[in-house]
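Quick note: the sequence shown uses numbering that gives the first Met the number 0, first residue 0, plus one each step.
Notes to accompany the following structure.
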Amino acid sequence: MLLESLVFMWPETAVAIAFILLLAVVGRWLVQVAIRRMVRMTTDRARQHLEKLGRPGQILASATGMQSERQAQRAATMGSVVGSAATFVIATIALLTVLSHVGIDLAPVLASAGVGGVALAFGAQSLVKDVLSGIFLTVEDQYGVGDVITVNEVTGTVEHVGLRVTSVRDANGMLWYLRNGEITKVGNVSQGWSIATVDLPIHPAEDAGRAIELLERVATDFAADEDHAADLIDPPEVLGVETITGTAMTLRMTAKCLANQQWGVQRELRERAKHALDAAGVRGAVSGWGSGSTTA
Numbered sequence: 000m001l002l003e004s005l006v007f008m009w010p011e012t013a014v015a016i017a018f019i020l021l022l023a024v025v026g027r028w029l030v031q032v033a034i035r036r037m038v039r040m041t042t043d044r045a046r047q048h049l050e051k052l053g054r055p056g057q058i059l060a061s062a063t064g065m066q067s068e069r070q071a072q073r074a075a076t077m078g079s080v081v082g083s084a085a086t087f088v089i090a091t092i093a094l095l096t097v098l099s100h101v102g103i104d105l106a107p108v109l110a111s112a113g114v115g116g117v118a119l120a121f122g123a124q125s126l127v128k129d130v131l132s133g134i135f136l137t138v139e140d141q142y143g144v145g146d147v148i149t150v151n152e153v154t155g156t157v158e159h160v161g162l163r164v165t166s167v168r169d170a171n172g173m174l175w176y177l178r179n180g181e182i183t184k185v186g187n188v189s190q191g192w193s194i195a196t197v198d199l200p201i202h203p204a205e206d207a208g209r210a211i212e213l214l215e216r217v218a219t220d221f222a223a224d225e226d227h228a229a230d231l232i233d234p235p236e237v238l239g240v241e242t243i244t245g246t247a248m249t250l251r252m253t254a255k256c257l258a259n260q261q262w263g264v265q266r267e268l269r270e271r272a273k274h275a276l277d278a279a280g281v282r283g284a285v286s287g288w289g290s291g292s293t294t295a
């Protein structure tokens with residue numbers, strides 16, 4: 000009935016309204032197409048760059064999730080957030096334009112909306128801050144579910160990422176709820192690659208060169224083991240003597256490996272190094288488990 004009345008009484012107004020609605024629909028469709036294309040181009044460009052690097056690029060692509068479901072979900076989330084914001088803006092502009100053509104005075108409406116907006120802004124500052132931070136955390140992929148992060152002095156595994164709250168479970172099983180607006184810095188050990196570090200304290204009177212040679216053999220054998228080579232980006236390295244005290248001389252080994260694989264690599268390297276040093280008769284630290292045993 001309203002549309003028929005508009006056509007009968009105000010044909011020019013009805014045509015103008017129809018034209019405005021058509022522009023809004025077409026504009027929203029164009030924006031959605033542009034957003035999808037931009038997200039797809041960004042993802043393809045990053046993947047092509049990594050593919051040009053050969054095997055290291057493929058390893059990093061797998062480690063960072065460039066070819067995983069997480070990457071697709073992040074791209075979809077980013078497109079959804081931007082698309083929803085664009086739809087809201089276009090719909091608001093179209094509605095206000097239609098109301099002005101119908102003859103409704105928008106001044107009181109805009110004034111009321113302004114006052115209400117100010118009141119809402121004062122009452123929901125923390126909520127708005129949390130939501131905006133959550134959007135940026137998601138779009139920038141600072142962390143995702145399953146990542147091991149350190150945030151606000153809490154270290155644990157991310158179990159849920161929402162627009163307002165992030166849930167992190169620490170090593171003791173405690174679940175922490177962190178408001179996104181209060182997160183100022185994040186340390187993520189699950190993106191790209193990680194470093195496995197193994198420190199081996201031995202008796203300070205032992206021959207460091209001989210012990211280093213033994214560890215280098217362990218590193219070579221470990222890199223040649225097919226069961227563990229898939230977790231490595233670079234072969235393990237023996238950096239040498241890290242510290243010397245009156246009770247111990249600490250030798251350090253490191254290995255660049257895939258994200259979240261550093262703990263398994265550390266345990267295996269530590270076990271193999273201990274067996275090699277024990278078999279060669281290298282004494283452990285004075286405060287260790289006794290003569291002939293190497294603590295690590």
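Cβ coordinates follow ideal geometry from the N, Cα and C atoms, glycine included.
Predicted, not measured: the structure shown is a model, and the values here were computed from it.
{"query": "Backbone CA spacing between V88 and V101 [nearest angstrom]", "result": "20 Å"}
{"query": "Close-in-space but distant-in-sequence residues of the same chain around D230 (CB under 8 Å, 5 per side omitted)", "result": "C256, L257, Q260, G263, V264"}
{"query": "Beta-carbon spacing of M252, L276 below 8 Å", "result": "no"}
{"query": "CB-CB length for S318 against G180, believed under 8 Å", "result": "An answer regarding residue 318 cannot be provided, because it is not within the stretch 0 to 295 covered by the chain."}
{"query": "Per DSSP, cross-strand counterpart(s) of N187", "result": "I148"}
{"query": "Between the CA atoms of D169 and V153 - distance to the nearest angstrom", "result": "7 Å"}
{"query": "Stretch-stretch touch, CB-based, cutoff 8 Å, three pairs: the stretch 177-194 with the stretch 138-152", "result": "yes"}
{"query": "Under 8 Å between C-beta atoms of V150 and V167", "result": "yes"}
{"query": "In DSSP terms, what H159 is bridged to", "result": "S166"}
{"query": "Beta-ladder partner(s) of P200, from DSSP", "result": "T249"}
{"query": "C-alpha distance - R39 paired with E158, whole-angstrom precision", "result": "27 Å"}
{"query": "Coil, strand or helix - R178 by DSSP", "result": "strand"}
{"query": "P235 classed as buried or exposed, judged by whether at least 16 other C-beta atoms fall within 10 angstroms", "result": "buried"}
{"query": "Proximity below 8 Å, CB of T249 to CB of P200", "result": "yes"}
{"query": "Beta-carbon separation (whole angstroms), A281 vs A210, contact threshold 8 Å", "result": "It is worth fixing the name first, because residue 281 is Val in this sequence and not Ala. Between A210 and V281 the Cβ distance is about 5 Å, and since that is below 8 Å, they are a contact."}
{"query": "Assigned secondary structure, E236 (DSSP; H/G/I helix, E/B strand, else coil)", "result": "strand"}
{"query": "Host alpha helix (DSSP H) of L231 (start-end)", "result": "Unbroken run through L231: none, as it is neither H nor E."}
{"query": "Residues near A195 by beta carbon distance below 6 Å, same chain, minus five either side", "result": "A254, C256, Q261, V264, Q265"}
{"query": "Where H227 falls, given that 16 or more other Cβ within 10 Å makes a residue buried", "result": "buried"}
{"query": "Pick from L126, V217, L20 that is closest to L296, judged by C-alpha positions", "result": "Residue 296 lies beyond the residue range present for the chain, which begins at 0 and ends at 295; the question has no answer from this structure."}
{"query": "Which listed residue (E215, I232, G161, T246) has its alpha carbon closest to that of G239", "result": "E215"}
{"query": "Within 8 Å, strictly: CB atoms of I321 and G186", "result": "The chain is shown from 0 up to 295; residue 321 falls before or after that span and cannot be answered."}
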